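*Asks:*
Numbering (full-length UniProt numbering), first residue to last: 1 to 286.
#1: Excluding sequence positions up to five away, which residues of its chain have a Cβ less than 7 Å from the Cβ of residue 53?
#2: Starting from the Cα of residue 214, find the closest Cα among 202, 205, 247 and give me that residue.
#3: Please report how far the alpha carbon of residue 204 lies from the alpha carbon of residue 172, in whole angstroms.
#4: Spell out the partners DSSP gives residue 91 in its beta bridges.
#5: Below 8 Å on the Cβ atoms is my guess for residue 34 versus residue 48; work out the distance and round it to an integer in Å.
#6: By a C-beta neighbour count over all protein chains shown, 10 Å radius and 16 as the cutoff for buried, is residue 69 buried or exposed?
#7: Under DSSP, the alpha helix (DSSP H) around residue 187 begins and ends at which residues?
#8: What residue range does the alpha helix (DSSP H) around residue 22 cover?
#9: State yes or no: is the C-beta of residue 3 within less than 8 Å of the C-beta of residue 32?
#10: Report the three-state DSSP secondary structure of residue 44 (helix, strand or coil).
#11: Suppose only complete runs of 3+ residues qualify. What are the beta strand (DSSP E) ranges in the stretch 139–186, listed by chain order?
#12: Would you give the residue range spanned by the beta strand (DSSP E) that residue 66 belongs to?
#13: Roughly how far, in whole angstroms, is the beta-carbon of residue 198 from the beta-carbon of residue 275, given that I think they are within contact range, below 8 Å?
#14: Tell me, which residues are paired with residue 301 by DSSP?
#15: Which same chain residues, not among the five before or five after residue 50, have their C-beta less than 7 Å away from its C-beta?
#16: Express the C-alpha separation of residue 146 and residue 259 in angstroms, rounding to a whole number.
#17: Please report the straight-line C-alpha distance between residue 285 and residue 59, rounded to a whole angstrom.
#18: Taking all protein chains shown into account, decide if residue 87 is buried (16 or more other Cβ within 10 angstroms of its Cβ) or exposed.
#19: For residue 233, which of helix, strand or coil comes out of DSSP?
#20: Spatial neighbours of residue 42 within its chain, please: CB distance less than 6 Å, with the 5 preceding and 5 following residues excluded, ordered by chain position.
#21: Return the bridge partner residues of residue 12 from the DSSP annotation.
Here's what the structure looks like:
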């Protein structure tokens, strides 16, 4: 039985998701389809990369991942299929897999060439489904396209350090359902560059000198109710081990989220400046 995931910016109001699922079932009646999300911000490549990196590895090896974000075929954006970490990805060549491939290199990549037989303004339905179902039947990637060695990478997804290794320069790559903003700075990078030093993290006019490991760690006095701390800003290592700027118990409909209350947006810069002084609380971060 084939396991196929879908990650798109289609939303659920229109017919697109249903049409894609119907086409898969027409090809593979016993397929199992899992929606990772259809709520990616329209054409947001970095958000897609973050979601994909932190979801695909929860699935068993051999899973086929269809990714439909900014998927219209053009000279700049080819369509590719790749095998990586025991998984298969069918997606546009627009940098979507950049966060995964920064750590794990694909074992095979092909440029999909079935477009000569299929003309479509809806390639996820007409091309990606065909390719995914072909792979699910045991087909070799080289049958659907010519093997290539290179693919598009998005450098903005990767944070940078300065020459003295005392500063990390990153950015906001995603905003979640609670309005919390997620950076591209991983806990691994923070630990390796920081080496236990004191730091100041800045995002616009806001600064942080502590990073929590859980949201409720911001509640400093257990005799107080959680309600007293609603709206309190904090930074933490989230479940994907990336630095997140959050509002405790945020709710976009009531309290608000970090994006609205702190005025933080996608692609805003986040910097971490380290001093030479060791942080006595650093051990709790590991």
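Ideal Cβ positions, reconstructed from N, Cα and C, are used throughout, including at glycine. In this text the structure is predicted, and so the values were computed from the model without any measurement.
*Replies:* Looking at the coordinates:
#1: By 1-based counting over the chain shown, the position of residue 53 is 53. Excluding positions up to five away in sequence, the list reads 99, 100.
#2: Your numbering for residue 214 matches position 214 in the chain shown. Checked all of 202, 205, 247; the closest Cα to residue 214 is 247.
#3: Position 204 of the chain shown, counting from 1, holds the residue named residue 204. Position 172 of the chain shown, counting from 1, holds the residue named residue 172. Each residue's Cα considered, the two are about 11 Å apart.
#4: In the chain shown, the residue the question calls residue 91 occupies position 91. Among the bridge pairs identified by DSSP, residue 91 is matched with 80.
#5: As a first step, residue 34 is located in the chain shown; it is residue number 34 there, counting from the start. As a first step, residue 48 is located in the chain shown; it is residue number 48 there, counting from the start. Wrong, their Cβ atoms sit about 16 Å apart, outside the cutoff.
#6: On the chain shown, residue 69 is found 69 positions in, with the first residue counted as 1. Per the 10 Å Cβ criterion, buried.
#7: Here residue 187 corresponds to residue number 187 of the chain shown, with the count starting at 1. 187–194 is the extent of the alpha helix (DSSP H) around residue 187.
#8: Looking up residue 22 in the chain shown gives position 22. Its alpha helix (DSSP H) spans residues 16–27.
#9: Within the chain shown, numbered from 1, the residue matching residue 3 stands at position 3. Within the chain shown, numbered from 1, the residue matching residue 32 stands at position 32. By the CB criterion at 8 Å, residue 3 and residue 32 fall inside the cutoff.
#10: Mapped onto the chain shown, residue 44 falls at position 44. In this structure, residue 44 counts as coil in the three-state DSSP scheme.
#11: The qualifying runs are 145–147, 167–175, 181–186.
#12: On the chain shown, position 66 is the one that residue 66 refers to. Residues 64–68.
#13: If you number the chain shown from 1, residue 198 lands on position 198. If you number the chain shown from 1, residue 275 lands on position 275. Between residue 198 and residue 275, the beta carbon gap of about 5 Å places them in contact (Cβ cut-off 8 Å).
#14: With the chain covering only 1 through 286, there is no way to say anything about residue 301.
#15: Looking up residue 50 in the chain shown gives position 50. Contacts found: 99, 173, 174, 182.
#16: Here the question's residue 259 lines up with position 259 in the chain shown. Here the question's residue 146 lines up with position 146 in the chain shown. For the pair residue 259 and residue 146, the Cα-to-Cα distance works out to about 43 Å.
#17: Position 285 of the chain shown, counted from the start, is the residue given in the question as residue 285. Position 59 of the chain shown, counted from the start, is the residue given in the question as residue 59. Confidence at residue 285 is low in this model, with a pLDDT of 44, below 50, so the placement of that residue should be treated as unreliable; the coordinate-derived value is given next. Whole-angstrom Cα-Cα distance: 28 Å.
#18: On the chain shown, position 87 is the one that residue 87 refers to. Answer is buried; the Cβ neighbour count reaches 16.
#19: By 1-based counting over the chain shown, the position of residue 233 is 233. In the three-state scheme derived from DSSP, where H, G and I count as helix and E and B as strand, residue 233 is classed as strand.
#20: For the purposes of this step, residue 42 is identified with residue 42 of the chain shown, where counting begins at 1. Same-chain partners within the cutoff: 9.
#21: Your numbering for residue 12 matches position 12 in the chain shown. Answer by DSSP bridge pairing: none, since residue 12 is not bridged.
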